[in-house]
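Asks:
Numbering (the working numbering), first residue to last: 27 to 113.
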């Protein structure tokens, strides 16, 4: 078969057609669907942050930004073991 040059049909020329994927997803679920999905992600991030803060074996590595929750295990192991566990 003949190869198809996707660059001719892509909004981003030779790059992957990520914009089309986003547009199709937005068209399918709409503004309300995206809002519901993002609210759910934010609630999950809030829940995880609370659980990390309640657990003495875990510590937050930085303040949570958006849905990114960065934490590590501290436990009671020596520091050298912690570095191995948390990598």
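The beta carbon of each residue, even a glycine, is placed where N, CA and C say it ideally should be.
1) For the beta strand (DSSP E) that contains residue 86, what are its first and last residues?
2) For a quick check, are the C-beta atoms of residue 2 and residue 81 less than 7 Å apart?
3) Can you round the beta-carbon distance between residue 86 and residue 78 to whole angstroms, since I take them to be within the 8 Å contact cut?
4) Roughly how many angstroms separate the alpha carbons of residue 34 and residue 57, rounded to a whole number?
5) Can you look up residue 81 in the DSSP assignment and give me helix, strand or coil?
6) If we call anything under 7 Å between Cβ atoms a contact, is residue 71 one with residue 93?
7) Based on DSSP bridge pairs, tell me the residues matched to residue 98.
Replies: In brief:
1) Start at 1 with the first residue of the chain shown, and residue 86 comes out as number 60. Segment 84-86, the beta strand (DSSP E) holding residue 86.
2) What the structure shows of the chain is the stretch from 27 to 113, and residue 2 is not part of that stretch, so it cannot be assessed.
3) Mapped onto the chain shown, residue 86 falls at position 60. Mapped onto the chain shown, residue 78 falls at position 52. Residue 86 to residue 78, Cβ: 6 Å. Contact.
4) Counting from 1 along the chain shown, the entry for residue 34 is found at position 8. Counting from 1 along the chain shown, the entry for residue 57 is found at position 31. Those two C-alpha atoms are separated by around 30 Å.
5) Against the chain shown, residue 81 aligns to sequence position 55. Residue 81: coil per DSSP, three-state reduction.
6) Position 45 of the chain shown holds residue 71. Position 67 of the chain shown holds residue 93. Yes, Cβ-Cβ distance for residue 71 and residue 93 is below 7 Å.
7) What you label residue 98 is simply residue 72 of the chain shown in a count that begins at 1. The partner list for residue 98 (beta bridge, DSSP) reads 85.
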